[in-house]
Structures are given as structure tokens and as C-alpha cells.
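*Asks:* This is the structure I want to talk about, given as C-alpha cells.
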Amino acid sequence: MQLYLLHLDEALEAQSEFVRTCLMAGCREIDVRDPGRKFRLWARQAVVDDLHRSLRVGLGKANGEPRLCFLGSGDFHHVSSLLIDLALDEAPEPVTVIHIDNHPDWVHFSGGLHCGSWINRVADHPSVDRVITVGVCSDDLASPERKGANLGLLASGRLELYPFHHSPSRVKMRLGGGTSFEQRSGYLHWRTIGDLGFERFLELLMERIETEAVYVSLDKDVLCSCDAVTNWDQGQMKLAEVLRLLNEIGNSHRIIGADVTGDYSRPRYGGGAWTRLMKLGEGLIDQPRNAQPDAEIININSAANYALLDVFGAMMP
């Protein structure tokens, strides 16, 4: 396994003991904080292309080894789509993308890439068999069309979405039925992890991964607040449940790459004045008012990262 810390912000740098452990394990650090400020939340295509080229150079050739990348804040989750591109460039084979997140990240966004839109780009990749999103509890599933959701992904079967808990979602579009939902009387009734029970859900998930190769993208905002503190509203999964899920995947499939976001950092935006103002406004609307990261927040997030490093290390030799 090749281990990387991508410093897109200051979130990982604040976890000095975790960074030291990674360095002792032979990880490489890549400082992309300058372009990261322009990329945070969303970026226009020219900025996306610039960062894509920088990552291609910085990561180098994988030579058949899977990469594990820690990315910092979930404000950068759209970087995952670039990492998946790079992984599939070197291993062009059918792959299932497992997306573990409190948000579906499926909104329409033109002219660039948004941390809430990147699943669309991944699902369109010719080597991606399907994306399976796990753990959503957020209000993004309430009236999803009004919030810009690309429900066509569900209708086509390119996306399956299993919330942790969620009430039915009212929609106008006729989607019929899918493995992860049933449409009745204008509502999508989800097959949630809570309704299925965790053990039955794990069995179903293993049935739905029909490729040997899997890429895992994890945003720690899927975790309850006792297990992570992020820039976004938190989900309800426990860290032990996520670790169990990852172990099940690793025991049955070959992990070709993985990334972890969801560490807390104070937002700093780059670009022109108008871009910074728009992002500031978006953050005020969509994100909770967390305080400056203190020792307790850093320790909570660092403990989760240690546990994830251990389980991914065992899965990606």
C-alpha cells in the first residue's frame, strides 16, 4: 500500500502524532494547500484540471499498489473523483465505488466540480460498474429534486443509496423501483440500514458488489459526533460499524484505492473576491457553526484516523 497525506488544508497538520505515525510507516506528504484554497467547496474546470495534473505528478505511478489518501476536510471530497480517475488509469477494470457519507454528493453542478456533485462524475466513468452510497442521514434526501439531486443515477442503476436512517423522499420524477428503494405514491421508500439491521445490510451489500475491484471513499461526517467532528452535519453510524463494514469488503474484494475526508479545519477560500464571497455564503447556509478546532476535536478525529489506518492497512497490503 502507498500511503499519502494530501495537505489541502491545515486539518491533518494539526494531528501531529498521527502525522508522525504515518511518516514512520513510510507515507508521503503532498502540500497542495495553495490550490486547495481555490478548490475548497467547489472549483471551476480550469482549477480542477490544474489540481488533477498536480496530483498526477505528486502521486506518481502506483506500480500495482493501492493508494490510501487522507485529504483533510470534507470540503474537499470532490478530490476523490480525481483520485479515482488516477487509480483507474493504472488499473482499467470494472470497479465498484463504495461511498460512505452522511450526504449523497449527487447534485447537478456545471462548469466544474463541487464537493456535493462529484458522484455524478465518478458514475460516468466507463470503468465504474456502479456507485453504492452508504450511511446518509442528512436532509439532502428530503425533497431531493428541489435541492438539485441527479435522480437519474438511481433510475439507471448506476447508483444505489442505502441511508442509515431516513423517512421517504417526496419526488415528482417517476423512477420505478430499485434495489435500494421503492417508489410508491410519489415517495421513494428507502431500504435503510436501520430497517434492515446491520448484519442483514452487510449481507445485502456484499451481494450488490459484483466486481472484484473496489474503491472506497469515506467521509467521516457519516459518523456520530462522539466519533468525529467535521465541517458538516454529522450522521449516526458508529466507528465500530464502519470498521466492520470495511473489513467485510476487504475480506471479499480487492481494494484498488481508498481515501478519507472529514477532518475539521477552519475554512479558508482562494480565488477572486466574488468566488470567496459566494463560498462564504454557501458555508454559512449549509455548514454548522463549529468552533476553532481544539485539543478535544483533534484527539477525536485523530483516534478515528488511527483506527481507519489500521483497518485499511490490513485490507491493502
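Position 214, counted from 1, in the sequence shown is what our numbering calls 1527; the numbers after and before it change by one each time, with no gaps. Glycine residues also receive a C-beta, built at the ideal position from the N, C-alpha and C atoms.
By Cβ distance below 8 Å, which residues in the same chain neighbour Val1527 in space, the five residues on each side in sequence not counted?
*Replies:* Val1408, Thr1409, Val1410, Ile1411, Ile1562, His1566, Arg1567, Ile1568, Ile1569.
*Asks:* Of the residues Ser1456, Ala1375, Val1420, Gly1339, which one's Cα is nearest the Cα of Ala1400?
*Replies:* Measuring from the Cα of Ala1400, the nearest candidate turns out to be Ala1375.
*Asks:* Under 7 Å, do Phe1389 and Leu1318 count as touching if we go by C-beta distance?
*Replies:* It is not a contact, given that the beta carbons lie outside the stated cut-off.
*Asks:* Considering only the alpha carbon of each residue, which of Leu1518, Asp1534, Val1542, Arg1504 lies closest to Leu1559?
*Replies:* Here the closest residue by C-alpha is Leu1518.
*Asks:* May I ask which residues mark the beginning and end of the alpha helix (DSSP H) holding Phe1514?
*Replies:* That run of the alpha helix (DSSP H) goes 1511–1521.
*Asks:* Could you spell out where the beta strand (DSSP E) holding Val1392 opens and where it closes?
*Replies:* Element bounds for Val1392: not the beta strand (DSSP E) but the alpha helix (DSSP H), 1392–1403.
*Asks:* Pull up the distance between the alpha-carbon of Leu1395 and that of Glu1473, whole angstroms please.
*Replies:* So the alpha carbons of these two residues sit roughly 21 Å apart.
*Asks:* Considering Cα atoms alone, identify which of Ile1506, Asp1534, Asn1433 is closest to Val1573.
*Replies:* If we check each option's Cα against that of Val1573, Asp1534 comes out closest.
*Asks:* Rounding to the nearest angstrom, what Cα-Cα distance links Ser1615 and Gly1489 in this structure?
*Replies:* One C-alpha to the other measures close to 43 Å.
*Asks:* For the structure I just gave you, are there three or more beta carbon pairs, one from the stretch 1315–1330 and one from the stretch 1341–1351, closer than 8 Å?
*Replies:* The stretch 1315–1330 is in contact with the stretch 1341–1351.
*Asks:* Distance check for Leu1316 and Arg1341, CA to CA, integer angstroms please.
*Replies:* Using only the alpha carbons, I get a separation of about 6 Å.
*Asks:* Sort out for me which residues DSSP pairs Val1441 with in a bridge.
*Replies:* In DSSP, Val1441 forms a bridge with Val1408.
*Asks:* On a Cα-Cα basis, can you pick out the residue from Leu1466, Phe1514, Asp1546, Lys1551 that is closest to Val1632?
*Replies:* Any answer about residue 1632 is impossible in this case: the structure gives the chain only from 1314 up to 1630.
*Asks:* When DSSP labels each residue in this structure, what does Ser1482 get in the three-state scheme?
*Replies:* If DSSP states are grouped into helix, strand and coil, Ser1482 belongs with the strands.
*Asks:* In angstroms with no decimal places, state the Cα-to-Cα distance between His1479 and Ala1455.
*Replies:* Approximately 9 Å between the Cα atoms of the pair.
*Asks:* When you compare only the Cα positions, how much space is there between Pro1439 and Glu1609?
*Replies:* Taking the straight line from one Cα to the other gives about 43 Å.
*Asks:* Taking the beta strand (DSSP E) that Arg1353 belongs to, which residues open and close that run?
*Replies:* Here Arg1353 belongs to no beta strand (DSSP E), and DSSP marks it neither H nor E.
*Asks:* Could you say if the stretch 1545–1555 and the stretch 1585–1592 meet the contact criterion of at least three C-beta pairs nearer than 8 Å?
*Replies:* The stretch 1545–1555 vs the stretch 1585–1592: no contact.
*Asks:* May I have the straight-line CA-CA distance separating Tyr1272 from Ser1498, to the nearest angstrom?
*Replies:* Since the first and last residues shown for the chain are 1314 and 1630, residue 1272 lies out of range.
*Asks:* Grouping DSSP H, G and I as helix and E and B as strand, with all else coil, what is Tyr1582?
*Replies:* If DSSP states are grouped into helix, strand and coil, Tyr1582 belongs with coil.
*Asks:* What's the C-alpha gap between Asp1452 and Met1314?
*Replies:* Distance between the alpha carbons of Asp1452 and Met1314 is about 36 Å.
*Asks:* Could you give the first and the last residue of the continuous beta strand (DSSP E) run that contains Gly1385?
*Replies:* Its beta strand (DSSP E) spans residues 1380–1385.
*Asks:* Among Asp1508, Lys1460, Ser1469, Gly1461, which residue has its Cα nearest to the Cα of Tyr1475?
*Replies:* Of Asp1508, Lys1460, Ser1469, Gly1461, the residue nearest in Cα terms is Asp1508.
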